[in-house]
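Protein chains in written order, with numbering that gives the first Met the number 0: chain A, 0 to 195; chain B, 0 to 387. In this text, a Cβ means the ideal position worked out from N, Cα and C, and glycines have one as well.
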Amino acid sequence: MSADQSPKIVIVDESPIRAAILEEGLREAGYSDVVHISEMQSLLARIYALDPDVIVIDLENPSRDVLEQMFQVSRAVRRPIAMFVDQSDAASIQASVDAGVSAYIVDGLKKERLKPILDLCISRFNAFAKLQDELDRAKSALEDRKVIDRAKGILMKLKGLTEEEAYILLRSTAMREKKKIGEIAQSILTASEMLK
Amino acid sequence: MTAPLHIGFIPLVDAAALIVAVDKGFTAAEGLDVTLVREVSWSNVRDKLNIGLFDAAHLLAPVAIASSLGLGHVKVPIAAPFNLGLNGNAITVSPALHAAIVGEVDGDPFDPMATAQALSRVVAARRKSGAEPLTFGMTFPFSTHNYQLRFWMAAGGVDPDEDVHLVVLPPPYMVDSLASGHVDGFCVGAPWNSVAVDLGVGHILHFVSDILVRAAEKVLAIRQNWAEKNPEVVAALIRATHRAAEFIEQPQNRAEAARILAQPERIGVDADVIQRTLDGRLKISPDGTMRESSRYLLVAREGAARPEPLQAAWLYAQMVRWGQTTIRPEALRTAHAVFRPDLYDAALGRQGKSTDASDAIGAFAGPAFDADDIAGHLAAFEIGRRKP
Chain A
0 MSADQSPKIV
10 IVDESPIRAA
20 ILEEGLREAG
30 YSDVVHISEM
40 QSLLARIYAL
50 DPDVIVIDLE
60 NPSRDVLEQM
70 FQVSRAVRRP
80 IAMFVDQSDA
90 ASIQASVDAG
100 VSAYIVDGLK
110 KERLKPILDL
120 CISRFNAFAK
130 LQDELDRAKS
140 ALEDRKVIDR
150 AKGILMKLKG
160 LTEEEAYILL
170 RSTAMREKKK
180 IGEIAQSILT
190 ASEMLK
Chain B
0 MTAPLHIGFI
10 PLVDAAALIV
20 AVDKGFTAAE
30 GLDVTLVREV
40 SWSNVRDKLN
50 IGLFDAAHLL
60 APVAIASSLG
70 LGHVKVPIAA
80 PFNLGLNGNA
90 ITVSPALHAA
100 IVGEVDGDPF
110 DPMATAQALS
120 RVVAARRKSG
130 AEPLTFGMTF
140 PFSTHNYQLR
150 FWMAAGGVDP
160 DEDVHLVVLP
170 PPYMVDSLAS
180 GHVDGFCVGA
190 PWNSVAVDLG
200 VGHILHFVSD
210 ILVRAAEKVL
220 AIRQNWAEKN
230 PEVVAALIRA
240 THRAAEFIEQ
250 PQNRAEAARI
260 LAQPERIGVD
270 ADVIQRTLDG
280 RLKISPDGTM
290 RESSRYLLVA
300 REGAARPEPL
310 QAAWLYAQMV
320 RWGQTTIRPE
330 ALRTAHAVFR
340 PDLYDAALGR
350 QGKSTDASDA
360 IGAFAGPAFD
370 ADDIAGHLAA
380 FEIGRRKP
């Protein structure tokens, strides 16, 4: 690989969405040679065949231990692999572990060239985590709304309330008990299950 | 209560003392506020311990030594004041390889020398017929599994780097890989050998206690400088873990311990499989054949919990034998110093005694281990990757 050529980057990630976000980020930054591996079977053989300069892996992936084998002296390893940072760069390790990503560099690539790649991975991983978080919250909001609707139905039937009255009752109870309206609705569902 | 402690672990039965210490409230009784964090890879456990996200961890004994020596990764001195288990691994092979080895065995199939020599004949026959070399899985380059597998096959004349493929596989992937034919055998801790047998895709060929009578497997690892700054916390942690280890070793407590360990956020497999491991009573063949051993996994009995520096020296010798490092007297001293019986003895208020060198390892082949002459000891083994 010459100095100005784009290094070959392999992304090892079982999450196709996160890998796509990362790949897009890398391409936007001008890294054109990016390959995503999502299949963990025969991981090492695939990596050897691709012969990358940088390997990025998510920390939730048990196959990280497989990559550690590449540090070992063995006939199978053509180019030895080093950890992405030297001991002095504790902040980088911390940031990447917090973000949930780790990168390995293959001998021959200068460490300075890895730094922007790693920084980009960290920010994209964090962006993905935020997205995931928002998605989870939206899901649970939707879940809450379903529960509230069912609780309203029970109150309307048992107490002969209108929909609005049922909602006001739920809301005022939640305020009095200092709980979320979804929690009050859930306890109504649970109670009505038990009393069936 | 002390400041909250975060302790990492991998879901394996030899994390038992640590998990029971927390879930039975033994750590709380010592005034410790511990949160256990389940991890997916040894690399993660090592890195999170190294950078301080974990205060302590369930760790492969060789990783604690490799970290202290700066092998394979950044150098962070680790102290191991408690041995979480001796032995506990097994070698499991596919039904096809099992049949091939049994067909070649001359003598007792539980004798590791007989099976290693049989493996050697199987390997030779495969080479002659142009078949692919056999592939064996193990958990980490710096693992007892790696060294036990190598020690066993090399004794029978099989060169683990030339005659077969050795590959790292995360424990949860072992069984699938055996079923799919990606590997022909593996060496791993509990419960994965039993899972393979229960699914009918593997036979347990050896308990690793057939290969070595005593092998330090996992340790409670802490950063050395953290241990120096927090001696009271370390002592309290040792006492709580020790209490749990002794609890687990009482046969009447095994069912309760197994239930605790079986929880989904802990090990997450059937309590029954875990109890078989603790009892050393394992189904070794899909046809239901059982095998019992008092040496399968030692948590506290026979002084198993006390870290033994000789064990660290033996592990260092294996790193030398297989070319992971070279012999240096100061490296041997560093390896020795990782295991801390002094901290163990002080925490429990005991006067400990180190085991006699001649019987402490108990390998089935080669001369008794001599920590004072590792070069001489290794010279007795024909196969190896020693670097000058």
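is_contact[residue i, chain B] using C-beta, thresh 8 Å
i: I92 (chain A); result: yes
i: V11 (chain A); result: no
i: V146 (chain A); result: no
i: V96 (chain A); result: yes
Any chain A beta carbon closer than 8 Å to residue i
i: N43 (chain B); result: yes
i: D54 (chain B); result: no
i: A356 (chain B); result: Residue confidence is low: A356 (chain B) scores 47 on pLDDT, short of 50, so the model does not pin down where it sits. No coordinate-derived value is stated.
i: F139 (chain B); result: yes
i: G71 (chain B); result: yes
i: S40 (chain B); result: yes
i: H181 (chain B); result: yes
i: L168 (chain B); result: yes
i: P171 (chain B); result: yes
i: D13 (chain B); result: no
i: D46 (chain B); result: yes
i: A373 (chain B); result: The amino acid at residue 373 (chain B) is misidentified as Ala; the sequence shows Ile. Chain A, which has no Cβ nearer than 8 Å to the Cβ of I373 (chain B), makes this no.
i: I50 (chain B); result: yes
Proximal residues to residue i (C-beta, below 7 Å), its chain only, five neighbours per side dropped
i: Q223 (chain B); result: P76, I77 and A78
i: L85 (chain B); result: R213, A214, A215, E216, L297 and A303
i: L119 (chain A); result: G24, L25 and A28
i: V146 (chain A); result: G181, A184, Q185 and L188
i: E29 (chain B); result: A235, R238 and A239
i: I326 (chain B); result: V319, I373 and A374
i: T333 (chain B); result: S67 and L68
i: R349 (chain B); result: none
i: T324 (chain B); result: L68, L70, M318 and A330
i: H144 (chain B); result: N88, M137, T138, C186 and V187
i: A364 (chain B); result: M112 and A154
Identified DSSP bridge partners for residue i
i: F206 (chain B); result: B:A89
i: R222 (chain B); result: B:I77
i: V166 (chain B); result: B:G136
i: A55 (chain B); result: B:I6 and B:I221
i: C120 (chain A); result: The partner list for C120 (chain A) (beta bridge, DSSP) is empty, contrary to what the question assumes.
i: L281 (chain B); result: B:R290
i: T34 (chain B); result: B:H5
i: I33 (chain A); result: The residue asked about is misnamed: residue 33 (chain A) is Val in this sequence, not Ile. Answer is A:I8, bridged to V33 (chain A).
i: F338 (chain B); result: B:A79
i: V187 (chain B); result: B:A89
i: L48 (chain B); result: Partner(s): none; L48 (chain B) has no beta bridge.
i: G84 (chain B); result: B:K217
i: L297 (chain B); result: B:L85
i: L211 (chain B); result: B:A362
6 Å CB neighbourhood of residue i in its chain, flanking five on each side removed
i: D12 (chain A); result: A18 and D57
i: L11 (chain B); result: G188
i: I20 (chain A); result: R123 and F127
i: D32 (chain A); result: S5 and K7
i: N192 (chain B); result: A89, T91 and I203
i: R74 (chain A); result: With a pLDDT of only 48 at R74 (chain A), under 50, the local geometry of the prediction cannot be trusted, and the value read off the model is given with reservation. Result list for R74 (chain A): empty, nothing under 6 Å.
i: A389 (chain B); result: The structure shown does not extend to residue 389 (chain B), since chain B is modelled only from 0 through 387, so no value can be given for it.
Own chain, CB closer than 8 Å to residue i, minus 5 neighbours either side, in chain order
i: D277 (chain B); result: Position check: residue 277 (chain B) holds Leu in this sequence, whereas Asp was assumed. Cβ neighbours of L277 (chain B) beyond the five flanking positions: V12, A15, I247, R253, A256, A257, L296 and V298.
i: V196 (chain B); result: T91, H202, I203, L281, K282, I283, S284 and P285
i: L108 (chain A); result: M0, P6, D52 and V53
i: A356 (chain B); result: With a pLDDT of 47 at A356 (chain B), under the threshold of 50, the modelled position of this residue cannot be trusted, and the question is left open.
Within-8 Å CB hit, residue i to chain D
i: A257 (chain B); result: In the structure shown, chain D does not exist; the protein chains are A and B.
Residues, ordered as in the chain, of the stretch 41-71 of chain A that lie near chain B by beta-carbon distance below 8 Å: S41, L43, L58, E59, N60, P61, S62, R63, D64, V65, L66, E67, Q68, F70 and Q71
Any 3 or more C-beta pairs closer than 8 Å across the stretch 159-173 of chain B and the stretch 126-143 of chain B: yes
Is the stretch 10-22 of chain B touching the stretch 38-58 of chain A in the sense that three or more CB pairs, one from each, lie closer than 8 Å? no
Assess contact between the stretch 304-317 of chain B and the stretch 335-355 of chain B, defined as three or more Cβ pairs (one per stretch) separated by less than 8 Å. Is contact present? yes
Between the stretch 268-283 of chain B and chain A, which residues of the former have a C-beta closer than 9 Å to a C-beta of the latter? none
Under 8 Å: do the stretch 50-67 of chain A and the stretch 33-45 of chain B share three or more Cβ pairs, one atom per stretch? yes
Give a yes or no on contact between the stretch 112-124 of chain B and the stretch 144-160 of chain B, applying the rule of three or more CB pairs nearer than 8 Å. yes
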